[in-house]
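Undergrad:
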Amino acid sequence: MTNSALIESKQSQTQYAILALTVRNHPGVMSHICGLFARRAFNMEGILCLPIQGSNSSSSRIWLKVTQDSRLKQIIAQLKKLQDVADVIQYPGNHPIFHRVAPYFNEQI
Numbered sequence: 001m002t003n004s005a006l007i008e009s010k011q012s013q014t015q016y017a018i019l020a021l022t023v024r025n026h027p028g029v030m031s032h033i034c035g036l037f038a039r040r041a042f043n044m045e046g047i048l049c050l051p052i053q054g055s056n057s058s059s060s061r062i063w064l065k066v067t068q069d070s071r072l073k074q075i076i077a078q079l080k081k082l083q084d085v086a087d088v089i090q091y092p093g094n095h096p097i098f099h100r101v102a103p104y105f106n107e108q109i
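In terms of UniProt numbering, the sequence shown is residues 1 to 109.
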């Protein structure tokens with residue numbers, strides 16, 4: 001089996017979770033969140049971030065595609081402790097948010 005086939009096989013067996021974070025939108029928020037994952041050597045497979053439309057405060061939604069493993073529950077608890085994180089919701093890995101934007105990433109620039 002070639003290396004690329006082995007990698008594809010492993011990725012298809014990997015279970016994912018989608019996290020939706022509601023955060024205060026200001027400089028440094030993404031750095032704090034990414035730093036939390038980096039310090040725990042926990043990879044994020046995908047990140048989407050946009051301001052929440054119609055919000056009366058300066059809030060953003062950050063969507064994270066992460067590996068579903070035993071450390072995820074602890075990371076979610078630590079995310080909720082961050083001052084700028086207002087809410088964290090966990091969805092199953094088949095949530096459509098990343099599938100909806102995938103065509104935009106396949107376009108030629």
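Just so it is clear, CB atoms sit at the ideal spot from N, CA and C, and this is done for glycine as well. It should be emphasised that the depicted structure is a prediction, and the values quoted were computed from it without experimental measurement.
Can you check DSSP and say which residues form a bridge with M44?
TA: In the DSSP output, where bridge partners are listed per residue, M44 has V66.
Undergrad: Hey, could you find the ends of the beta strand (DSSP E) R24 is sitting in?
TA: Taken as a continuous stretch (DSSP letters only), the beta strand (DSSP E) holding R24 covers 16 to 24.
Undergrad: Would you call the CB atoms of I52 and R61 closer than 8 Å?
TA: Taking 8 Å as the Cβ cut-off, I52 and R61 qualify as a contacting pair.
Undergrad: Give me the Cα-Cα distance between A77 and Y104, rounded to the nearest whole angstrom.
TA: Approximately 32 Å between the Cα atoms of the pair.
Undergrad: For L48, which residues in the same chain have their Cβ closer than 6 Å to its Cβ, ignoring the five residues on either side in sequence?
TA: Around L48: W63.
Undergrad: Can you find at least 3 beta carbon pairs, one from the stretch 24 to 32 and one from the stretch 82 to 95, that sit closer than 8 Å?
TA: Segments in contact, yes.
Undergrad: Expressed to the nearest angstrom, what Euclidean distance is found between the alpha-carbon atoms of F37 and Q108?
TA: Taking the straight line from one Cα to the other gives about 30 Å.
Undergrad: Starting from Q78, trace the beta strand (DSSP E) in both directions and tell me its first and last residue.
TA: Here Q78 belongs to no beta strand (DSSP E); instead the alpha helix (DSSP H) covers 72 to 81.
Undergrad: Could you check the C-alpha separation between G46 and T67 for me, to the nearest Å?
TA: If I take the Cα positions, the gap works out to 10 Å.
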